[in-house]
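**Student:** Have a look at this one before I ask anything.
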Amino acid sequence: MPQPALSSFAAAVTERTLTLQTRLCVGLDPRADAYRDTAHLRLHTLDVLEAAAPFAACVKPQLAFFEALGLPGFILLEEVCALARTLGLPVLLDGKRGDIGSTAEAYARAWLGGSHAGDALTVNPFLGFATLTPFVEAARANGGGIFVLVKTSNPDQADVQGSGVSERVAVEVARLNAEEVGAEAEAGTYGSVGAVVGATHARDLATFRALMPHALLLLPGLGAQGAAATDLAPAFHAGGTGALASASRGVQYADGLDVAASVAAAKRFRDELNGALEL
15 MPQPALSSFA AAVTERTLTL QTRLCVGLDP RADAYRDTAH LRLHTLDVLE
65 AAAPFAACVK PQLAFFEALG LPGFILLEEV CALARTLGLP VLLDGKRGDI
115 GSTAEAYARA WLGGSHAGDA LTVNPFLGFA TLTPFVEAAR ANGGGIFVLV
165 KTSNPDQADV QGSGVSERVA VEVARLNAEE VGAEAEAGTY GSVGAVVGAT
215 HARDLATFRA LMPHALLLLP GLGAQGAAAT DLAPAFHAGG TGALASASRG
265 VQYADGLDVA ASVAAAKRFR DELNGALEL
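All residue numbers for the sequence shown refer to the numbering used here, where the first residue is 15 and numbers rise by one.
Now the structure itself:
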């Protein structure tokens, strides 16, 4: 496989985490029905991003909401990515892409190397582990990252992810990182393959942290889905690295379209996470 680029998503996130003391991933879910028109949606989304950036380790645009807007949504997504990079914010696209063969390769080219690509992408492993290969190769070639769905935050995830399936996926994530960083690498050394583990599964976080020692963990579900920052400490390594807790609606729509409320929410989540880690 291609050697990883010198500048990696994991390194950028870890540096921002330690420099700004934030473990928060700010999600952007621009919902068309919340706005007067597309121009209003665009302005508010960019305003929230810029205002909340000082409290964020990365930003996570949810592709579904941009795609639902058609061409204006793709244009806005490029603006979001450009602004985030100007602000020094790594971009994690939440698309949960997964497919076979040339289709997976096309998704990887589009979202990890195209004009509106992110620095990282969420991917779905449930068509088989071989389908991850194009995404892993694209992430490594571009110094980016992927986040593999391991145990998602929705209550009915156990229909597919129960009975040891999540643990099996976690072992594959660990294997992919071991071939990149070395099986004996110290904790706090992260490969390009991260994992999505819902913040709503607080009792399982220590298990998945141990199974995937060199994976960044994305912990969705903070805020609107009911997860609490106080429960998330087991997902982190010493010093507070190794995980990102994601809040989307709880930041962007903390109080309607009040940007000041979004900033206050981002700051509160950041402080609660740091408090949970006693930092």
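In this text, a Cβ means the ideal position worked out from N, Cα and C, and glycines have one as well.
According to DSSP, is Pro18 helix, strand or coil?
**Tutor:** A caution first: Pro18 carries a pLDDT of 38, below 50, which makes its placement in the model too unreliable to give a value.
**Student:** Hey, quick one: how far does the alpha helix (DSSP H) through Pro4 stretch, first residue to last?
**Tutor:** Lying outside 15 to 293, the shown extent of the chain, residue 4 is not represented and no answer is given.
**Student:** Rounded to whole angstroms, how far is the Cβ of Gly212 from the Cβ of Gly235, which I believe are closer than 8 Å?
**Tutor:** Yes, Gly212 and Gly235 are in contact; Cβ-Cβ is about 5 Å, under 8 Å.
**Student:** Can you give the Cα-Cα distance for Ala70 and Gly253, rounded to whole angstroms?
**Tutor:** Looking at the two C-alpha atoms, the distance is approximately 17 Å.
**Student:** Within 10 Å of its beta-carbon, does Asp51 have 16 or more other beta-carbons around it, so buried, or fewer, so exposed?
**Tutor:** Exposed, because fewer than 16 other Cβ atoms sit within 10 Å of the Cβ of Asp51.
**Student:** Hey, how far is the Cα of Ser167 from the Cα of Thr100?
**Tutor:** Ser167 and Thr100: Cα-Cα distance of roughly 31 Å.
**Student:** Please report the distance separating the alpha-carbon of Leu20 from that of Asp285.
**Tutor:** A caution first: Leu20 carries a pLDDT of 37, below 50, which makes its placement in the model unreliable, though a value can still be read off. Rounded to the nearest angstrom, the two C-alpha atoms are 31 Å apart.
**Student:** As a quick exercise: from Lys165, Gly256 and Ile160, pick the residue whose alpha carbon is nearest that of Ala201.
**Tutor:** Out of Lys165, Gly256 and Ile160, Gly256 has the C-alpha closest to the C-alpha of Ala201.
**Student:** Could you have a look at Phe250 and say whether DSSP puts it in helix, strand or coil?
**Tutor:** If DSSP states are grouped into helix, strand and coil, Phe250 belongs with coil.
**Student:** How big is the Cα-Cα spacing for Leu103 and Asp133?
**Tutor:** Each residue's Cα considered, the two are about 10 Å apart.
**Student:** I'd like to know whether the C-beta atoms of Ala237 and Ala275 end up nearer to each other than 8 Å.
**Tutor:** One detail in the question is off: residue 237 reads as Gly in this sequence, not Ala. Cβ atoms of Gly237 and Ala275: not closer than 8 Å.
**Student:** Determine which residues share a DSSP beta bridge with Ile89 and list them.
**Tutor:** Answer is none; Ile89 lacks a bridge partner.
**Student:** Using beta-carbon positions only, say whether Glu193 and Phe143 come within less than 8 Å of one another.
**Tutor:** In this structure, Phe143 does not lie closer than 8 Å to Glu193 by Cβ.
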